[in-house]
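K.L.:
In my numbering, the protein residues as written are -6 to 157.
Note that beta-carbon positions come from the ideal geometry of N, C-alpha and C, so glycine has one too.
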Amino acid sequence: MSEVSQDIATFLLERNIGYIRHTHKPIFTVDDGRDIAEHLGIEPCKTLLLVNRKSQYYMLLTKGDGKISLTGLARQLGSSRLSLASTEALDLLLHATPGAASPLGLIFDSNHMVGLCIDKVILQQKYIMVHPCVNNESYVFTSSDFFNHFLSAVNCREFKVIDI
-6 MSEVSQDIAT
4 FLLERNIGYI
14 RHTHKPIFTV
24 DDGRDIAEHL
34 GIEPCKTLLL
44 VNRKSQYYML
54 LTKGDGKISL
64 TGLARQLGSS
74 RLSLASTEAL
84 DLLLHATPGA
94 ASPLGLIFDS
104 NHMVGLCIDK
114 VILQQKYIMV
124 HPCVNNESYV
134 FTSSDFFNHF
144 LSAVNCREFK
154 VIDI
């Protein structure tokens, strides 16, 4: 277990937020993780850290097989043009590496620099599976635990529901 995933596990344990941990081969794309998600009977999620021209950061949590129009997303957010955030920003804000962006990294965003955007389809799932900011582990939460307990624990009381 990496130091970052250990920090996340400790955070969850201290707040009594339940999850199931799975270790697996490194996943770099949603396609890489599709077999794991299917084996667990869970729809894969995709997490992207995005930034606009004003250096405002947004984390997008959407379904794994969804096509994303960054132009359409920017319009829904009332934002200027969006692009993928740099590797440096991913590390600085969320302690994650490319391919391992995760809403669990919000525990490290103490200045609340990252706005969370969740595809409405994700809100309808019974379970959610995300990386603990490393790509060789996945944590499975009930949606209720994730949306009600985890997001509250990281002081993310508001997020934007979007339609991808």
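#1: Can SER76 and LEU87 be called in contact, C-beta distance under 8 Å?
#2: Take every Cβ of the region 114 to 131, pair it with every Cβ of the region 24 to 44, and state whether three or more of those distances are shorter than 8 Å.
#3: What separation, rounded to the nearest whole angstrom, lies between the Cα atoms of SER79 and ILE61?
#4: Name the residue from SER(-2), VAL123, LYS18 and ILE111 whose alpha carbon lies nearest to the alpha carbon of ILE155.
#5: Around the Cβ of GLY71, are there at least 16 other Cβ atoms within 10 angstroms (buried) or fewer (exposed)?
#6: Could you check if PHE21 is buried or exposed, using at least 16 other CB atoms within 10 Å of its CB as the buried criterion?
#7: Does the Cβ of THR135 lie closer than 7 Å to at least one heavy atom of the ligand ZN?
#8: Which first and last residues belong to the alpha helix (DSSP H) in which ASP24 is found?
P.N.:
Taking the structure as given:
#1: no
#2: yes
#3: 18 Å
#4: ILE111
#5: exposed
#6: exposed
#7: Questions concerning the ligand ZN fall outside what the structure shown contains, since it holds no ligand whatsoever.
#8: For ASP24, the uninterrupted alpha helix (DSSP H) segment begins and ends at 23 to 33.
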